[in-house]
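S.K.: Take a look at the following structure, please.
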Amino acid sequence: MKNKTLALLLSFIIIFSLFFEVSCQLVYAMDKGDGTKENPYKISDYYDLQEFAKIVNGDHDTIPQNNAACGILTNDIDAKIDNWIPIGDYKKAQNKYKGIFDGNNKVIKGLQSSYNKDYYYIGLFGYIATEGILKNVSLKNSDIHGCTYVGNLAGWNEGIIYNCNNSGKNTSDYSFRNITGVSTRGYASGGITGKNLGKIISCSNKGTVISKSINSGGLTGENQGIISDSYNFSLVSGIDECGGVSGSNYGSIVNCYNNGPIEFDINAINTKIGGISGINYGELTKCYNTGVVDGYNNTGGIAGFNIKGIISYCLNTQNVSGTDENIGGITGCNDKGTITYCYNTKDITGEKYVGGISADNTGSIKFSYNRGNIYATVNYNAGIAAFNNGDISNSYNTGTISGNDSGGLVAANHGLLINSYNCGAVSGNSAGGLINLNTGTAQNLYYDSTILSPSSAIIYNSGNTKKVTSLTTKEMTGKNCKVYKSWENFEDNWALTDSYPVLKALTHKLEKIHAKAASCTEDGNNEYYVCSYCGKYYKDEEATCEIQKDDFVLKATGHQWDKGIITKKATEKSTGIKTYTCSLCNAKRTEIIKKLSPSTTTNILFANAKTSGETGLIIKWNKIKNASGYEIYLEKYQNKKKNKTYKKVKAIRGNKNFSWKAKSLKKHTPYMIYVKAYITKKGKKKYLQSSPRIFVFTGDSYQNYTNAKSITFKKSKLSLKKGKTFKIKAQINKVKKNKKLMPDTYVASIRYLSSNKKIASVDKKGKIIAKDKGTCYIYIYSHNGITSKVKVTVK
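Here the sequence shown stands for residues 1 to 795, where the numbers follow UniProt numbering.
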C-alpha cells in the first residue's frame, strides 16, 4: 500500500512539474506579446531573437509554429559568437516568413552565420515571402558566410525590406558539395539580400561583399523586383555579374547610387562588372556611380553588360578600368538595349574596345555625352562607342581620346550615327575626328578642327555620309550658332551657350543660391543650385544630386512674442492697448483691450439697523448720488406669506441726512425694514434704488436669537483670472454671544451681492466666479444690514 501511495505521489509531482514548466514558458512568451500585428513579440536580447526564430521555423518546444509571427526589437542586441539559424529557415516551404518584423531602429551587433549544410538561404532571415515585411533593422559587424542566396538581412526576399542597413561582411563560396555529393556552383550574394523578387526601399550597405561565386551586389546578388532610394558604400568583389547595387538586374533599380569600389576576383577570366549592376536585363533609372570600377572585361560605370535593358538618366563620375576589352563609361556592352540621357565624366581605360558611353553598341544611344578621357592601350576607343552596330543620335564628346584606330565619336561605325559632335582631342595612329572606320550611315556630324589634330573626320569610309564635316571653334559655338538648325527637334533637346551646345536634360546652367537664414516672416534656405534650363534643384554644383524644394527650404520661424505690456489702460469709457514684442526680430504687435465693465462701488443702497433701548431702532443708509430724498419702510415680521407689503413710516427730503430713529416699537420683536431712494424731476417722483430687506430684533434679542454686531474675513482684495473661482469665508460676530443668529426661516444670517455681475458673480454660499476683465465689489451683509465688501479685480 505504501509503495502505491509513493508511486502516485511521484507521478503527481512529475506531472505538476511538467505543467509548471510549460506554463512558465507560455506565460513568458505571452508577457512579451502574442505575435500579432497589434501585439508583436517584444525582443529585447539575443535569447529572445532565437526564441522568435524557433517560433517561425517550427522548432519551439512549447509554442506552435507561426511563420506569420510579428516581432519588434526593444533594445540593441549583442549576438553571441554563434552559428545563427535564420528566421524563416528554408528547410521546409512552410518556414517562409510572412509576418512583420520591426527593428525599431535598434542595432543587432555581431550576428554570425554560416548555417545550413547546403549553404542556402543565409542571413538574419532565410526566406521572406510576399506577405513578409522587414523594416528599420540595422546590422553592425555582422559576418554572413554561405554559397547560394546569401544576404546579411535576408537570403531570399519576395516581400518588402524597408529602411534597413548593414555594416558587416558578406562572403560566399565558389561551390559546395551538397548532400547528394554533387558539386554545385554558388549563386547570388548581397549586403542586404542574396536574391530580391520583392521591394528594397531606402536601404544601405556599408559592409564588404566578397564573392567567389556569380551574382554579387552591394544590396542584392540578383534583382527581379524593385530597388529604390538605396545605396552601397563599400567594396564589392566577385567573379562575374558583380555590381554596386545588384549583381544582375531583371527588375527595376531607381534613384540608387554606389560609392564603393567594385572589383573583379583575380581568378576571373570573363566578367560583367558595373557600378550599379554587373548585368542588366531590366531598367536602371536615375542612378549614379561615384566608386572606382575595376574589371576584366565587359565593365561599365553603370552596367557591365546591358542586354535589352533600359538605362536612363544615369551618370558615372569615377574612373572605370578593365584588363581586357569592352570597357565603357556607362556600360561595357549595350546589346540591343536602350541608353538615354546618360553621361560619363571620368577616365575610362582598357586594353581595347573602350567607349565613353559604351564600348560595343548594338542597341540605341540617345541624348548622352562623355567628357572623360578615353584610353585604349591597344586599339579601338572612342568618345561615345568603340563599335556601333546600332543607333547613336544627339550625343557629343568633349573628352580626350588616346589610342590607335580611335574616333572622336565612334571608332568603327556599322550602324546609324546622326546629329552629334566632337570637340575633344583625338590622338593615335589612324585617329579620326569623328569616326575611324565607317561602313554605316553618318549624318549631321561635326568636329572642331581648331582643337583636333586629325586631318579627316573619317579615316576609312565606305558607308553613307551627309553633312559630316569639320568646323572651327567659332563656327561651332555661341548662342547665335546656325549650323545645328538642320538637326531634328534641335531647339527642344539642345541649348545654345557661349560655348558648344549642351543637352538640356543633362547639362545644366546652374545658378548658385546662397544660404539664407529664415526670418520670423520669410522662409530661408540652405545653399543649393537651380538649373535655368530644366528648372530642377541640385545639392551640388556638378548637378549629381537632385533635390526637391522641401529639401532646402527653411520654414519661417514665426514670431516669438513676449508676454506683453499694457501700454494704455482700458477704462469704462475707452479701450486699452497691450503691446507684444518679438524676441527674435523686435517686431511689435498690439492687442485691443476691451472697455472695462462699469464698476458699481458707491451707488448701491444698503440699510442697517441697531437697537436703541428696548423699543427703539436707529436706521442708517448710505448716500445715493443725485437722490432727492429717502423713504423708510418698516413692518413687524409675521411670516413670509403675510409680509408682502410694508408701511412707509418716514420720508426724508434732501440728500444730507442718512439716519432716522424709530421709537415705541414692541420690545424683543423682529422687524423688517428697507429704504428707497428717489429723485424728483418736474414735480414727479422717480425711485432710484431700494435697499435689500433687513431683519432686526428690538432689544437685540428675540427668544434665543440676537443681532449681528460685525463681519470679519481675511481678504479685502482679490485678483482672479477669468473663469477662476474663490470662496469667501466670512464670520459674523454676535451682539449677545450666548444667543443664536437669526434662523433661515426668517432670512439668511449672511448674504452676498455683486456690484457688477458681468465682471464677477457670487452665489448664496459666497462662491465668486470671475467672468470678465474689470473691477467690482462683492458685498457681504448680515440679516440686520451690517455690511463689508471685497474688491475683486478680474484679469
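Built from N, CA and C at the ideal position, the CB exists for glycine as well.
Since the structure is predicted, the reported quantities are computational estimates derived from the model, not experimental observations.
Would Gly300 and Gly332 be called neighbours here (beta carbons separated by less than 7 Å)?
M.R.: yes
S.K.: What's the gap between the Cα of Thr271 and the Cα of Gly159?
M.R.: About 30 Å.
S.K.: If the criterion is Cβ atoms closer than 7 Å, does the pair Tyr446 and Leu471 meet it?
M.R.: yes
S.K.: With a threshold of 7 Å on Cβ separation, who are the neighbours of Ser664 within its own chain once the five nearest residues in sequence on each side are excluded?
M.R.: Thr615
S.K.: Shorter than 6 Å, the distance from the beta carbon of Lys485 to the closest heavy atom of the ligand GDP, or not?
M.R.: In the structure on display, the ligand GDP does not appear, and there are no ligands present to speak of.
S.K.: Can you name the residues that DSSP bridges to Arg693?
M.R.: None; Arg693 has no bridge partner.
S.K.: Which residue from Ala386, Asp360 and Gly399 puts its Cα closest to that of Tyr343?
M.R.: Gly399
S.K.: Please report the residue range of the beta strand (DSSP E) in which Asp143 lies.
M.R.: That run of the beta strand (DSSP E) goes Ile133 to Gly146.
S.K.: Taking the DSSP output, what are the residues bridged to Lys789?
M.R.: Tyr779
S.K.: Provide the residue span of the beta strand (DSSP E) that contains Leu417, from first to last.
M.R.: Leu416 to Asn422
S.K.: So for Ala543, helix, strand or coil by DSSP?
M.R.: It is coil, neither helix nor strand.
S.K.: Determine, using beta-carbon pairs with one atom in the stretch 502-515 and one in the stretch 480-489, whether at least three such pairs fall under 8 Å.
M.R.: no
S.K.: Return the bridge partner residues of Gly71 from the DSSP annotation.
M.R.: Tyr41 and Phe101
S.K.: Can you name, in chain order, every residue of its own chain whose Cβ lies under 6 Å from the Cβ of Leu584, other than the five neighbours on each side?
M.R.: So the list reads Cys520 and Gln560, once near-sequence residues are dropped.
S.K.: Gly699 by DSSP, collapsed to three states: which one?
M.R.: helix
S.K.: Can you tell me where the alpha helix (DSSP H) holding Lys549 begins and where it ends?
M.R.: Lys549 to Phe552
S.K.: Where does Asn381 fall in DSSP's three states?
M.R.: strand
S.K.: Cutting at 6 Å between CB atoms, please list the residues of its own chain near Lys795, excluding the five before and the five after it.
M.R.: Lys721
S.K.: If you follow the alpha helix (DSSP H) that Asn50 is in, where does it begin and where does it stop?
M.R.: Here the sequence assigns Gln to residue 50, which means Asn is not the residue at that position. Tyr46 to Asn57 is the extent of the alpha helix (DSSP H) around Gln50.
S.K.: Taking the alpha-carbon positions, what's the Tyr187 to Asn526 distance?
M.R.: 45 Å
S.K.: For Ala662, which three-state DSSP category applies?
M.R.: Annotated three-state conformation of Ala662 is strand, per DSSP.
S.K.: Please determine, among Gly71, Lys682, Arg653 and Lys206, the residue with the shortest C-alpha to C-alpha distance to Gly168.
M.R.: Lys206
S.K.: Are Ile593 and Thr575 touching if we call contact CB-CB under 7 Å?
M.R.: yes
S.K.: Is it true that the CB of Lys212 sits closer than 7 Å to the CB of Asn255?
M.R.: no
S.K.: Alpha carbon to alpha carbon, how far is Gly363 from Ile122? Give it in angstroms, no decimals.
M.R.: 38 Å
S.K.: For Phe264, which three-state DSSP category applies?
M.R.: strand
S.K.: For Phe713, count neighbouring C-beta atoms within 10 Å of its own C-beta (all shown protein chains included) and say buried if the count is 16 or more, exposed if not.
M.R.: exposed
S.K.: Taking Cβ positions, are Ile679 and Asn622 nearer each other than 7 Å?
M.R.: The answer is no: Cβ separation not under 7 Å.
S.K.: For Asn215 versus Ser248, is the C-beta distance shorter than 7 Å?
M.R.: yes
S.K.: DSSP beta-bridge partners for Leu219?
M.R.: In the DSSP output, where bridge partners are listed per residue, Leu219 has none listed.
S.K.: Which class does Ala677 belong to by DSSP, given the choice of helix, strand or coil?
M.R.: strand
S.K.: What does Lys685 pair with, by DSSP beta-bridge criteria?
M.R.: For Lys685, which the question treats as bridged, DSSP gives the partners Thr680.
S.K.: What residue range does the beta strand (DSSP E) around Thr712 cover?
M.R.: Ala708 to Thr712
S.K.: For the stretch 302-322 against the stretch 276-286, are there 3 or more C-beta pairs whose distance is under 8 Å?
M.R.: yes
S.K.: Between which two residues does the alpha helix (DSSP H) harbouring Asn493 extend?
M.R.: Note, Asn493: alpha helix (DSSP H), Phe490 to Asn493.
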